[in-house]
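Have a look at the structure below, then the notes.
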Amino acid sequence: MKINKTVVIGSGTMGSGIAAQLCNANIPVTLLDLKTEISQKAKDKIFNSRPPLLIDKSKIENIKVGNINDDFKVIKDADWIIEAVVEKIDIKHNIYEKIFKERKSNAIVSSNTSSIPIKVLSQNLSNNEKKDFCITHFFNPVRYMGLLEIVKNENNDLEKINFLKKFCEDRLGKGAIICNDTPGFLGNRVGVYAMQVAMTEAFKMKLSIEEADAVFGRPMGIPKTGVFGLYDLIGIDLMSDVLKSFIKELPKNDDFQIVAKEIPLIKKLIETGFTGRKGKGGFYKMNKIGEKRILEAINLDTGEYSPSKKIDIKADKVNLKKLINRDDKYGKYAWSVISKIIKYASSLVPQITDKFNDIDEAMRLGFNWSKGPFEMLDEIGVKNFFDKIDNYKNNKFLEDLYKTKDENFYGERQRYTDIETLGKIKKKAIKLDKHDSAEIYRFKDFNIVEFNTKANALNYDSMDCLKKATDKPLIIINESMQFSAGVNLNYVMDFAEKKDFNSVEKFIKYFQETCKHLKYSKHPVISAPSGLTLGGGFEVVVQSNFVVSHINIVMGLVETIVGLVPAGGGCKEMLWRWSQTNEGKKDPDFAPLKLFEIIGFAKTATSPVEAEPLMLLNKHDKKVMNRNNLLKESKILLEKNKNFTPPEECKFKLSGKQVRDKMYKSLEKLYKDKKILDHGLEVGKELAYVLSGGDTDLNKELNEDNLFSLELNAFMKLIQTEKTQERIKHTLATGKPLVN
Ligand code: NAD
């Protein structure tokens, strides 16, 4: 079996997302809709999407468009036909009738439905046709969400289902989990239940929406949108439709029914157009008073809005045991929500799936939770859980667990895939040392470092961990969404506010020392980034000996945005890279000028294809579609480099004032055109000083330490200015840049 050509029918949110991912995999796809104008518009939207659905815009012609009347003949050639039209059964039935008349024998036909069972979708098909029909349930946005549920029933040809799973893993990069034909499959059944529990308990326990979101968020290993924020993002009306479908499909005695009941406030919000972010607002809304935009939050009792309050429950790290045992309303709410989610998820075993592990992985991949319900139970501890829980009648999984009291019930992770993943290896590896900001694992003859702070922001402790781990070949990799958003600015600002600049300097020096050590230690160091790889995070990557990059990255040196310059070796290493190009070898000012633009404008790449022309990644760096393969590919590189010798130290010849004057000229123009303001000019000048080599000329040779010193000096000068501190504080508070 092969999949060379594909057709997607329905070019809405999901159809375009799926077509874009097929395009990313270099698989020709035809996108059909009622009219060609609709699918053409969808193609244009794919091209201009933000965050981008395409990894390489130049491949857009992999996508052809058409309409279901004039162009239906394309079905004849397709090996896989994916239906992603509106969730209306009659429309879907009509389309299947047409498809099965035209398709070549054996072509796979699948639906992207989120709620209609296969047995209903396929009720008009012959037995032979049913063999080739399944559900491929992608999540939105398709490029970025890891989960793909492949739903089968007893009529399916299992060999074909397994082939499709492997294809979607290898080529589309998805975490493909095979599920049975039950309502909501795995991800939505548990994920939507969890949202409903979090919401109904907030009403019952009289928590404000900000309080509920502050608990049902980072402290539980759940994205910070929380529950009410997520409701607004998905659409309150859409959620209401999803609930109606669950109420209809699930038995009356299913616990889902208890939490899915209509809430009067939600009905009112939908009726008045407050359907969430796409509507007039939702649980949260933006209010404009004069020029000021103020975020407001709804009061669950009165339905009135008032300015949203920032809630800090002082639980930055996920520590469930501590959280559920807190003697305040947050602890009580957390326990009530977590225990109900664990009870519900375990009540689905073995009827819905006999692999409880798949539920956890679906929650990780489809909802970006850092732990699924069973891992939460594992973390809380079996004894602790049963000491606290009130009842678990008719729950075979929990009854059995109570009998065995097996604290090690969990076993292996990620059983849905054959790939040797980080999640699997971590369970078998030995944890070395105790660090607050990262873990070191020893596996056979190499080490793994996994950062574990918020957005994997880096501090002294992260560097310490990296340095210690170089006693063996090292892979720097992680499971959380971001590789690293850069240096922890809160950490730096804490020192700055106390005017303790010695500590800042000590940290930056240690950062530099560690990065130099990564580059020149006698064992190879491999970085395997996915997600945000910015600032200091990128400096770790660029000074590793090898890189294996996921296709979903946001990479670059963005320090100037917060009024700083890269000071962990980012300027130095990028200067070296650019000076090794043909143009760089001919013209000594080429590399500094190029970088002045790239770093000065904080240019980022949103895929390896965009990273290469900026030289953030090299051609020879390995790029992988499936995140699960990052570790496997890194291990292959280690194997290939058994006889590794560290690189030779770089030497630089820079023209100093000569190139700096050119940089100043472009700065002055930007300033005159008001593209940058006073502080922008100052930051630009500091960057120019570093990239030009400082007080040097082409007759002098600079080494890496000279460049490290230039970076450090510029950083220390800038961090002590009021305006850089203003920029940092603003970005920490709002997530947005401040232009000053
Ligand atoms: P959408 O409303 O964005 O797009 C549906 C598209 O189908 C529209 O472009 C419409 O013109 C087209 N269409 C309607 N009738 C058609 C026909 N007879 N022939 C060809 N095209 C037709 O919907 P969506 O959100 O992309 O959802 C599509 C499917 O995916 C649904 O089954 C939905 O339940 C499922 N789903 C949606 C999401 C999500 O987050 N939106 C997630 C997973 C699954």
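Residue numbers (the numbering used here): 691 to 1430.
Beta carbons: idealized from backbone N, C-alpha and C, even for Gly.
Under the Cβ criterion (8 Å, minimum of three pairs), the segment 1128 to 1139 counts as touching the segment 1160 to 1171.
Taking C-alpha positions only, Ala-1024 is separated from Ala-1005 by approximately 12 Å. Rounded to the nearest whole angstrom, the CA to CA distance from Val-1380 to Glu-1401 is 6 Å. Look at Tyr-1361 here: in three-state DSSP terms it is helix. In the DSSP assignment, Ala-904 falls within the alpha helix (DSSP H) that extends over 899 to 905. Shown here, Tyr-995 sits in a strand according to DSSP, grouped into three states. Using a C-beta cut-off of 8 Å, the segment 1203 to 1223 makes no contact with the segment 1266 to 1281, since fewer than three inter-stretch Cβ pairs fall below that distance. Checking the DSSP bridge columns, you'll see Ile-840 partnered with Thr-826 and Ile-868. One thing to note: Gly-863 has its Cβ within 7 Å of the Cβ of Asn-1316. The beta carbon of Gly-966 sits no closer than 6 Å to any heavy atom of the ligand NAD.
The residue among Thr-1296, Leu-1010 and Asn-1081 with its C-alpha nearest the C-alpha of Met-1066 is Leu-1010. In the structure shown, the three-state DSSP call for Ala-987 is strand. Judged by DSSP in its simplified three-state form, Thr-1223 adopts strand. When Cβ pairs closer than 8 Å are counted between the two stretches, the segment 1156 to 1164 is seen to touch the segment 1131 to 1142, the count reaching three or more. Taking 7 Å as the cut-off, the beta carbon of Val-841 is found closer than this to the beta carbon of Asp-871. Look at Gly-1346 here: in three-state DSSP terms it is coil, with no helix or strand label. At a cut-off of 6 Å, the beta-carbon of Gly-700 counts as near the ligand NAD: some heavy atom of the ligand is closer than that. Residues of the same chain with a CB within less than 8 Å of the CB of Asp-1311, apart from the 5 flanking positions on each side, are Phe-1236, Val-1237, Val-1238, Ser-1239 and Pro-1298 in chain order. Here the alpha carbons of Lys-1121 and Val-1194 stand approximately 30 Å from one another. A distance criterion of 6 Å places the beta-carbon of Leu-923 beyond contact range of the ligand NAD, judged by its closest non-hydrogen atom. Taking the CA atoms as reference points, Pro-1219 sits about 25 Å from Asn-1047. Here Glu-1089 is exposed. Its C-beta has fewer than 16 other C-beta atoms within 10 Å. The ligand NAD has no heavy atom closer than 6 Å to the beta-carbon of Asp-931. Three or more beta-carbon pairs drawn from the segment 1379 to 1396 and the segment 1346 to 1361 are found closer than 8 Å, and the two stretches are therefore classed as touching.
Ranked by how close their Cα comes to the Cα of Asn-977, the residues Thr-962, Ser-998, Lys-957 and Glu-859 have Ser-998 in first place. Ranked by Cα distance from Asn-1389, the options Glu-1358, Val-887, Leu-1344 and Lys-1407 are led by Leu-1344. The criterion of a C-beta distance shorter than 7 Å is satisfied by Pro-909 and Leu-1013. Only exposed fits Arg-740, as fewer than 16 other CB atoms lie within 10 angstroms of its CB. Taking 6 Å as the cut-off, the C-beta of Thr-726 does not count as close to any heavy atom of the ligand NAD. Bridge pairing for His-1240: Val-1314 [DSSP]. Of the candidates Ile-1115, Gly-881 and Leu-1307, the residue whose Cα lies closest to the Cα of Met-929 is Gly-881. Secondary structure within the segment 1064 to 1147: the alpha helix (DSSP H) runs of 4 or more consecutive residues, fully enclosed, are 1072 to 1078, 1086 to 1094 and 1112 to 1118 (chain order). Within the chosen limit of 6 Å, the ligand NAD does not reach the beta carbon of Glu-901 with any heavy atom. For Asn-1319, the enclosing alpha helix (DSSP H) has its first and last residue at 1319 to 1330. Assigned with DSSP and collapsed to three states, Asp-723 falls in strand. Excluding five sequence positions before and after Asn-1331, the CB atoms of its chain that fall closer than 6 Å to its own CB belong to Pro-1214, given in chain order.
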